[in-house]
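Every letter in the sequence shown is one number past the one before it in my numbering, and letter 252, counting from 1, is 263. Note that CB positions come from ideal geometry on N, CA and C, so glycine has one too. Everything numeric in this text was worked out from a predicted model, so none of it was measured.
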Amino acid sequence: MAYKIGVIRGDGIGPEVVTEAVKVLDAIGAKFGHEFNYTEILMGGCSIDATGVPLTDEAIATAQASDAVLMGSIGGNTSTSPWYKLPADKRPEAGLLKLRKSLNLFANLRPAYLYEELKEACPLRDDIIGDGFDMMIMRELTGGLYFGARSTVEEDGQLVARDSLTYSESEIRRIAKRGFDIAMKRRKKVTSVDKANVLDSSRLWRKIVEEVAADYPEVEYEHMLVDNCAMQLVKNPRQFDVILTENMFGDILSDEASMVTGSIGMLSSASLNDTKFGLYEPSGGSAPDIAGQGIANPIATILSAAMMLRYSFDLDAEADAIENAVKKVLADGYRTIDIMPRDGSDVKKVGTVEMGTLIVERL
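Written as structure tokens, this is what we have:
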């Protein structure tokens, strides 16, 4: 079977980690008899340098013609990069927002899983960690505060800034259905997170989620205020299965959940639309401070490629093979610098390329 994959290498460490993910995909293709055809797509700072804009219409068309897109992180140092002296709509992240909107990528999946071998890296106490945790944060990605009307105007002699948080019933319903569908494949529990004690948008969110929940009698569900959820993630992360929430809350909570696992360099991400199409990327940033040093952790990007195989191509056995290979490498004691233990345990430090090679060898 042949698949068309758009590849956005991105900025900073993006090209390094994407190269390793492609290497793993090629090994999977050889092992299972698939053909992966790659088309390069410019987005982010590298696109600004080449074209003057973070994302061209031609790049969007290439992404739309692909079966899925694999992406490295974009952007640079916000204090020193010339990209961040540009207007907001010309900066690297504007390209990502435009791509999500153009491809209707409304559902963001961010798994947060604690590997047994990395328990020491978790900042929580052993009695809180227990036998580990495994949650999926389902974040609405194309609505809410990040896409609402905004303005900065002068009123009564001072600047006043406004940002609008807007959600429609249909936007909430489609992400809720996706969240409950994912829960049916997991432990059948949904925690819907909102701020319904203050916000009208959250009260509508809660109403629609309750309507959707009625169609999934096998799924246990609960409502939780976002401030309480932030506390519960560090108090008892084991209680969560699928966390369903809106755009800004999901942005914040998913980063918190990622650090509870010990390193954001381990966490994959998928953004899906109404079809099988998805954009797959690591949860971490472009880390320009370590770019080119060969020390970046490629595992999050490699696991994102596994999510692509599972959710866009329905290749579950192939995705399992990658995930199991990652577990074997960790069990064999190999670590990139970000997941080196603090206690001096006897593990072997490796770089970006070697980590990718070790995973290929264990497929």
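Buried or exposed: where does residue 166 fall if 16 or more other Cβ atoms within 10 Å of its Cβ makes it buried? The residue is exposed, with fewer than 16 neighbouring Cβ atoms inside 10 Å.
Sorry if obvious, but does the Cβ on residue 169 come closer than 7 Å to a heavy atom of the ligand NAD? This structure lacks the ligand NAD; in fact it carries no ligand of any kind.
For the beta strand (DSSP E) that residue 205 lies in, which residues bound it at each end? From DSSP, the beta strand (DSSP E) with residue 205 extends over 200-205.
Check residue 232 in the structure and name its three-state DSSP category. Assignment of residue 232 by DSSP, reduced to helix, strand and coil, places it in the strand class.
Of the choices 272, 368, 302, whose alpha-carbon is the least far from that of residue 128? Per the Cα distances, 272.
Through-space distance from residue 184 to residue 359, alpha-carbon basis: So the two alpha carbons sit approximately 47 Å from each other.
Between the segment 13-26 and the segment 51-71, are three or more C-beta pairs nearer than 8 Å? Three or more pairs of CB atoms, one per stretch, sit closer than 8 Å, so the segment 13-26 contacts the segment 51-71.
Measuring CB to CB, does residue 125 end up less than 8 Å from residue 140? Taking 8 Å as the Cβ cut-off, residue 125 and residue 140 qualify as a contacting pair.
Does the pairing of the segment 67-74 with the segment 306-317 give three or more beta-carbon distances under 8 Å? No contact exists between the segment 67-74 and the segment 306-317.
By the 10 Å Cβ neighbour count, where 16 or more other Cβ atoms means buried, how is residue 277 classified, buried or exposed? By the neighbour-count rule (16 or more Cβ atoms within 10 Å), residue 277 is buried.
What does a CB cutoff of less than 8 Å around residue 333 pick up in its chain, not counting 5 residues either side in sequence? Its chain contains 35, 39, 313, 314, 316, 317, 320, 370, 374 as the residues whose beta carbon lies nearer than 8 Å to that of residue 333, once the 5 sequence neighbours on both sides are disregarded; these appear in chain order.
When we look at the beta-carbon of residue 77 and count the other beta-carbons within 10 Å, is it buried (16 or more) or exposed? Buried is the call here.
Strictly by DSSP, which residues pair up with residue 174? Residue pairing by DSSP puts residue 174 in a beta bridge opposite 161.
Which word fits residue 170, buried or exposed, when buried means at least 16 other C-beta atoms lie within 10 angstroms of its C-beta? It counts as exposed.
Taking only the alpha-carbon atoms, compute the straight-line gap between residue 292 and residue 299 and give it to the nearest angstrom. Cα to Cα, the separation comes out at about 17 Å.
Give a yes or no on whether the C-beta atoms belonging to residue 223 and residue 187 are separated by under 8 Å. With respect to the 8 Å criterion, residue 223 and residue 187 are classified as neighbours on the basis of their beta carbons.
Taking the alpha helix (DSSP H) that residue 239 belongs to, which residues open and close that run? In the DSSP assignment, residue 239 falls within the unbroken alpha helix (DSSP H) covering 237-246.
Secondary structure, alpha helix (DSSP H): runs of 4+ residues fully inside the segment 288-335: Taking only runs of at least 4 residues, the alpha helix (DSSP H) segments lying wholly in the segment 288-335 are 310-322.
Sort 104, 27, 80, 240 by Cα distance to residue 324 and report the nearest one. Ranking the options by Cα distance to residue 324, first place goes to 80.
If we require 4 or more residues per run, which alpha helix (DSSP H) segments fall completely within the segment 90-137? Within the segment 90-137, the complete alpha helix (DSSP H) segments of 4 residues or longer fall at 103-113, listed in chain order.
Out of 61, 145, 180, 240, point me to the one whose CA is closest to residue 211's CA. When each option's Cα is compared against that of residue 211, the closest is 180.
For residue 258, report the span of its alpha helix (DSSP H) as first-last. For residue 258, the enclosing alpha helix (DSSP H) begins and ends at 258-271.
Rounded Cβ spacing between residue 367 and residue 31 (contact assumed at less than 8 Å): Confirmed, about 3 Å.
Please classify residue 122 as buried or exposed, where buried requires at least 16 other C-beta atoms within 10 Å of its C-beta. Result: buried.
Can you look up residue 154 in the DSSP assignment and give me helix, strand or coil? In this structure, residue 154 counts as coil in the three-state DSSP scheme.
Cα-Cα separation between residue 213 and residue 207, rounded to whole angstroms: Taking the straight line joining both Cα atoms gives about 5 Å.
For residue 363, which of 336, 301, 335, 343 has the nearest alpha-carbon? Minimum Cα distance to residue 363 is reached at 301.
Count the other CB atoms within 10 Å of the CB of residue 356; is the residue buried (16 or more) or exposed (fewer)? By the beta-carbon neighbour count (other beta carbons within 10 angstroms, threshold 16), residue 356 is exposed.
Is there contact between the segment 130-139 and the segment 150-166, where contact requires at least three CB pairs shorter than 8 Å? Not touching, per the Cβ criterion.
Rounded Cβ spacing between residue 200 and residue 220 (contact assumed at less than 8 Å): Their Cβ separation, rounded to whole angstroms, is 13 Å, which puts residue 200 and residue 220 out of contact at 8 Å.
Please confirm whether residue 217 and residue 226 have their CB atoms less than 8 Å apart. 8 Å or more divides the Cβ of residue 217 from the Cβ of residue 226.
Count the other C-beta atoms from every protein chain shown that fall within 10 angstroms of the C-beta of residue 154, then say buried if there are 16 or more, exposed otherwise. Buried.
Buried or exposed for residue 142, please, with buried defined as at least 16 other CB atoms from any protein chain shown within 10 angstroms of its CB. Exposed, by the Cβ-count rule.
For residue 358, list the residues DSSP reports as bridge partners. Answer is none; residue 358 lacks a bridge partner.
From the DSSP secondary-structure annotation, give me the bridge partner or partners of residue 79. According to DSSP, residue 79 bridges with 16.
Measure the C-alpha to C-alpha separation of residue 16 and residue 343 and round it to an integer number of angstroms. C-alpha separation (whole angstroms): 31 Å.
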